[in-house]
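Residue numbers (this note's numbering): 134 to 871.
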């Protein structure tokens, strides 16, 4: 037996290691979600490519990429990793207690925890416990219960839906609490009435239906709901201590957590999980069993209490064992399950069941494998501690890492298979990129004729736009002029000059009219400048107008014919075109990149000139001197005069700005056109670009043999992203065992 102090330290160390694993598992989960999103994007782009090409070879290759099955597999692995994460993120090592009703599970739990039947109910009359309980050892807090209710959505999804699916075969997507409450239960078919299991399930659903008014309000209560130890039975039990079925709160309870100090010392961070009535028809569904075993327990105790008069292994017990084994097939039960034979001690040979405990252990099927078998009196706290608890804790601390390793190995196998599947489909995607770059030689005679015509029209369109800009460069920019006029009008109408009352209040606060005058001069200067910040929008709009004029030339069917190169019709078109040109066309790429990014900044272009006219609103300028006996009226008059002086000073400046904007726009426009029309090799680059994209520009003349540049680039980007995420998952996965 391990030293208790050593075991407690080992427990803490194991949990700390598990927390690190949980972090890595969460990282893998997030990467799997990113992988799924990237493949969904890939699927969307595949549809876009299929809708844009006629090349049958490319279409066949595209449809052969199994993106749909990949998405399903990834979704399944996200659920699997989430299950593993739930197991390792816990801060306790959990012992689950399982068995048929009236085998002594509650008795065993009371002996382990020192709690009474107010917290862990039992009854000699049949099923008693109605909700799952987790009992957590925590000697540093006062004993209490934490009740977690289902939300209405969870109740419909996790409780009602499985019944409707199993009993009636009905779709459950539209099942709601309101519908369940308003509509009678469908009749059970004659065929299904032949099944005792289904008939008991139907009775259980009837219980949920008939008692709904009594517990429905709890489904809207916040969780956790804190209760004293003595009140826990009202939320987890079906009946009171006299066997009267007066409680129904348990129907709304997802889980009860009982926090208390176990009577045994140095047991570490341990919790017990009570799974009520599992293996008996009419009790909790298989989904509850699967979830609890998968996420919430590290060691399972199968509890059986043979009759003193004789007993056998019941079919329900064998079925329960099989259910547990099938829930986690990757984790052999002989690594993490114990069989506990509940010994009833009595002087009467008809009641003492020791001989039958020993006989049933000997008769147990070789297929039912456990770590070990224990015969102990579950009602004897000392025997439970000395015989059961010590053996379980020693096994946990010695072997939990081995158990976890076996569990994780299965996950790594699943992830490796997924990564191989992703790699296989990505290989198809990369082959497609190579195929998509192939093309049959074009008809050069037709292309040369078409390009001569389009280049002439493109050049003419650009020249006409530059001529318009040249004619307007000494005129006021009408768009920007409107912004200037609006800013001026707002400055006159909303001067920021304070009222007499405000001046008096400020004078009293600052201790003098001079101080108040200086304060408001600074305020008005700042306030006036704010009115002109809208000129930033005017500059952006003015620049955007010329960009759109040039874009119209490029996209026009009678000029540039490039409207199919990008789906964008605004200034984003220039950015798309710059990306498509890239380094393959250095002259054109540079010109389009500069034009796409060109902006006139108010702060850099105009604001410093505005500030030059606001000096009179600076207290130290000497323009706002008060008389020997100042007043609030005098301060206000001076402020009004100074604000008007600033605006009058600005008038001449503002008249020039709309003209200067046109000059700046002409300069950038002419620079762009010079680069794309007159640079050395510019015409050759245009010709190569039009040749590469001829199927999109002249679809009526050239059969579309290749994927467009944009779709080709997007397909390449998303393929590389999927590859990158897949590699990242592999890297984190490789760290799990470290």
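We treat Cβ as the ideally placed atom computed from N, Cα and C, and that holds for glycine. This one's a predicted model, so the numbers in the text were calculated from it and none came from an experiment.
* For residue 315, does the count of other Cβ atoms within 10 angstroms reach 16, so buried, or fall short, so exposed? -> exposed
* Asked: Does DSSP classify residue 227 as helix, strand or coil?
  -> strand
* Could you check what DSSP says for residue 359 in three-state terms: helix, strand or coil? => strand
* To do: Note down, in chain order, each residue of its chain lying with its Cβ closer than 6 Å to the Cβ of residue 469, except the 5 sequence neighbours on either side.
  => 432, 536
* Asked: Alpha carbon to alpha carbon, what distance is there between residue 204 and residue 502?
  -> 37 Å
* Asked: How do the segment 746–763 and the segment 619–637 stand: do at least 3 beta-carbon pairs fall below 8 Å, yes or no?
  -> no
* With 16 other Cβ atoms within 10 Å as the buried cut-off, status of residue 225 -> buried
* **Separation of residue 824 from residue 183, as counted between CA atoms** => 22 Å
* **Integer Cβ distance of residue 477 from residue 441, believed to fall under 8 Å** => 6 Å
* To do: With a floor of 3 residues, list each beta strand (DSSP E) that falls wholly inside the segment 421–453, ordered by position along the chain.
  => 432–437
* Asked: When you compare only the Cα positions, how much space is there between residue 229 and residue 860?
  -> 38 Å
* Would residue 791 be called buried (16 or more neighbouring beta carbons within 10 Å of its own) or exposed? -> buried
* If we count Cβ pairs, one from each stretch, closer than 8 Å, do we get three or more for the segment 578–596 versus the segment 808–818? -> yes
* Asked: Between the C-alpha atoms of residue 354 and residue 391, what's the straight-line distance to the nearest angstrom?
  -> 19 Å
* Asked: Given a threshold of 16 other Cβ atoms within 10 Å of its Cβ, counted over all protein chains shown, does residue 259 qualify as buried or as exposed?
  -> Confidence at residue 259 is low in this model, with a pLDDT of 47, below 50, so its placement is unreliable and the value that follows should be read with caution. By the 10 Å Cβ count, residue 259 comes out exposed.
* To do: Less than 8 Å between the CB atoms is what I'm expecting for residue 175 and residue 851, so what's the real figure, rounded?
  => 5 Å
* Inter-residue spacing [alpha-carbon to alpha-carbon] between residue 787 and residue 617 -> 7 Å
* Asked: Is residue 531 buried or exposed, if buried means 16 or more other CB atoms sit within 10 Å of its CB?
  -> exposed
* Can you list, in chain order, the stretches of the beta strand (DSSP E) that have 3 or more residues and sit fully within the segment 612–675? -> none
* Could you check the C-alpha separation between residue 528 and residue 465 for me, to the nearest Å? => 15 Å
* Asked: Which of the three DSSP states, helix, strand or coil, is assigned to residue 379?
  -> coil
* DSSP state of residue 474, grouped into three classes? -> strand
* Find the nearest neighbour of residue 303 within the set 288, 322, 286, judged by alpha-carbon distance. => 322
* Asked: For residue 222, which option in 157, 163, 488 has the closest C-alpha, if you only look at C-alpha atoms?
  -> 157
* Asked: At which residues does the alpha helix (DSSP H) containing residue 397 begin and terminate?
  -> Careful: residue 397 lies outside any alpha helix (DSSP H) and carries neither H nor E.
* To do: Return helix, strand or coil for residue 766, following the three-state DSSP convention.
  => helix
* Asked: Touching or not, the segment 721–730 and the segment 696–711, by the rule of three or more beta carbon pairs under 8 Å?
  -> yes
* **Segments assigned beta strand (DSSP E), at least 3 residues, entirely inside the segment 490–521** => 505–509
* Sub-8 Å separation of residue 276 and residue 396 beta-carbons -> no
* Alpha carbon to alpha carbon, how far is residue 562 from residue 177? -> 14 Å
* To do: Just tell me which of 659, 686, 683 has its CA closest to the CA of residue 748.
  => 659
* residue 267 - containing beta strand (DSSP E), residue span -> 266–270
* To do: Check each candidate in 864, 307, 146, 472 and name the one with the smallest Cα separation from residue 509.
  => 472
* Asked: Looking only at its own chain, which residues have a Cβ that is under 7 Å from the Cβ of residue 579, when we skip the five neighbours before and after it?
  -> 834
* **residue 331 to residue 147 span [Cα, whole Å]** => 43 Å
* In this structure, what does DSSP give as the bridge partners for residue 336? -> In the DSSP output, where bridge partners are listed per residue, residue 336 has none listed.
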